[in-house]
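Going letter by letter, the sequence shown gives residues 1360 to 1852 in this note's numbering. Think of the CB as a built atom: it goes at the ideal place given N, C-alpha and C, for glycine as much as any other residue. Since the structure is predicted, the reported quantities are computational estimates derived from the model, not experimental observations. Report on the following structure.
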Amino acid sequence: MSLLAEDTDVADLGLRWKPGFAALGPAFLTHLRPTPLPDPYWVGHSEAVARELGLPADWRQSDITLAALTGSLPIAGTNPFATVYSGHQFGVWAGQLGDGRAIMLGETEGGLEVQLKGAGRTPYSRGGDGRAVLRSSIREFLCSEAMHGLGIPTTRALSVTGSDARVFREEPESAAVVARVAPSFIRFGHFEHFAANQREGELRALADYVIDRYYPACRTTDRFNGNAYAGFLEAVSERTAALLAQWQAVGFCHGVMNTDNMSILGLTIDYGPFQFLDGFDPRHICNHSDTSGRYAFNQQPNVAYWNLFCLAQALLPLIGDQEVAVAALESYKTVFPNAFEARMRAKLGLADSAESDRALIEGALKLLAAGKVDYTIFWRRLSQYMADGNAEPVRDMFLDRAGFDTWLLSFSERHAQSVRSEATGLMLRSNPKYVLRNHLGQQAIEAAGQKDFSGVATLLTLLETPFEEHPGANAYAGFPPDWASTIEISCSS
């Protein structure tokens, strides 16, 4: 029996829509409708994102909404489309790419774009089926909200819907659709596309649109003799540097930092083979497809700069001077290390800076790497040590007890003049108890495959407020089981 009444052909979600990106015209996008999926069902949803969008309180009670967010029913006021972009993938120019399985519904009056990922083929699918599978969709949904809970700029996720329709990857899997939300999904690759094809008019129109919408201060800057495009490049560089500092401080590996996966707003975007570190290994590679280690954890800051250089090349026809373009990238080299050190000082409970702080940070990271000590648990236990003075739970994590004792003495001396309660509060606000570890996601995915979505809901609750204790949930903050290290995540989704 159909979910929908026979006379229902449009869903009204109670949202007002405006042209947004679509106003740029047909050179930038193709209008098309999502491809319906049969018999959709709810897998997960975020009430926080629903409130951001302004959806009514009972938004999830309607089968019409379910169908609409699966791409099976048009939404009133929208004219869906997919965008074209290009990019460098694993450091190699890949040419034209585009939204191969993501279809934009449009932009709400509140300034948020809504996109259905996995909603079917587009002109940019390059032979793909335009679908997403349940496992990767759950991972993206949960990690989008987990990153927001950590205070890290990110795209958001309103919902995941599933269908028993088969999608073929290495083996047949269930199809799913993620409703993604962001101020903009524009990527570095959008600019690369028009620059590579020597379409300066479209390149300028895109840059003007982004500057006027998201970086208006660049129009009045005194930097670079008032060159708004150079100011724009500098602003993107600084946002990207700040984002990477947050990734590195929390132990987040993106896994596929292609230029088409880099947000022009400095958001974390496109959650594919990501991972939060378990045992600390600076050279950890979380993407099974990354055989060269290009996107290893410790390479991420350099890769981000390389990607920004590609963006600078794309913007060069507008900036007009190569030396000015290079100068616009320079602030990355100071913003990133300064932002990273500030994040690490907060993790150490240090509200001010001292010359010795860098050695204290580097000393901790070297000890963690030498013993492959669990990254998240170490920092949380160190926070508890600051609260109760009991060092044994932290000390027990190290085989090199003498090395840890020496470091802890330096840490304690640095805090000699600190107000302990203030330092504790800063540490507990900076060191999460809960992150989306691979094994936790995998357990939720396996249960969801049996139509049990309680694991998705539980993880969402914990990850939305990851710094809180959540009594009774300690199992979700414990050490990963041995089998966690055997999980392989690739670009396949």
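Identity of the residue in T1650, A1600 and D1649 nearest L1626 by Cα
A1600
In the structure shown, what three-state DSSP assignment does A1386 receive?
coil
Return the residue from the list K1706, E1700, A1723 and L1727 that minimises the CA-CA distance to E1714.
E1700
In angstroms, rounded to a whole number, what distance separates the CA positions of I1570 and L1509?
28 Å
With 16 as the cutoff for other CB atoms within 10 Å, does K1377 come out buried or exposed?
exposed
With a cut-off of 8 Å on the beta carbons, I'd call I1511 and Q1448 a contact; round off their distance for me.
About 24 Å separates the two Cβ atoms, so there is no contact after all.
Is it the case that the Cβ atoms of A1453 and N1657 are separated by a distance below 9 Å?
no
What's the C-alpha gap between D1733 and Q1607?
15 Å
So what does K1377 bridge to, in DSSP terms?
E1466
Cβ shell of A1723 (< 7 Å), same chain only, five flanking positions each side left out:
W1766
Would you call the region 1399-1407 and the region 1515-1524 touching, i.e. three or more CB-CB distances under 8 Å?
yes
Do A1491 and V1443 have their CB atoms nearer than 9 Å?
no
For Q1420, which three-state DSSP category applies?
helix
Taking the alpha carbon of D1640 as the point to measure from, which residue in A1728, A1426 and G1652 has its own alpha carbon closest?
A1728
State the CB to CB distance for the pair E1504 and R1515, rounded to an integer number of angstroms; the pair is presumed to be in contact (CB under 8 Å).
7 Å
Could you give the distance in angstroms between the alpha-carbon of P1840 and the alpha-carbon of A1803?
15 Å
Can you tell me which of G1379, R1375, I1678 and V1694 puts its alpha carbon nearest to the alpha carbon of E1597?
V1694
Does the beta-carbon of E1365 have 16 or more other beta-carbons within 10 angstroms, so that it is buried, or is it exposed?
Confidence in E1365 is poor, its pLDDT being 42 and thus under 50, which makes the residue's placement unreliable; the coordinate value appears in the next sentence. Classification of E1365: exposed, given that the 10 Å Cβ count is below 16.
Pick helix, strand or coil for K1731, following the three-state DSSP scheme.
coil
9 Å Cβ cutoff met for G1477 and S1496
yes
Should Q1681 go down as buried or exposed, given a rule of 16 or more other Cβ atoms within 10 Å for buried?
exposed
Taking its Cβ as the centre, do 16 or more other Cβ atoms sit within 10 Å of R1526, making it buried, or is it exposed?
This sequence places Val at residue 1526; Arg is not what is there. Counting Cβ neighbours within 10 Å, V1526 comes out buried, since at least 16 surround it.
Could you name each continuous alpha helix (DSSP H) segment of 4 residues or more that falls completely within the region 1548-1615, going from the start of the chain to the end?
1559-1573 and 1587-1609
Less than 9 Å between the C-beta atoms of E1466 and A1381, yes or no?
yes
So, using beta-carbon positions, are F1550 and A1673 closer together than 9 Å?
yes
CA-CA distance, V1615 and L1425?
31 Å
Grab the span of the beta strand (DSSP E) containing F1763 for me, first residue to last.
F1763 -> not in any beta strand (DSSP E); alpha helix (DSSP H) instead, spanning R1760 to R1773.
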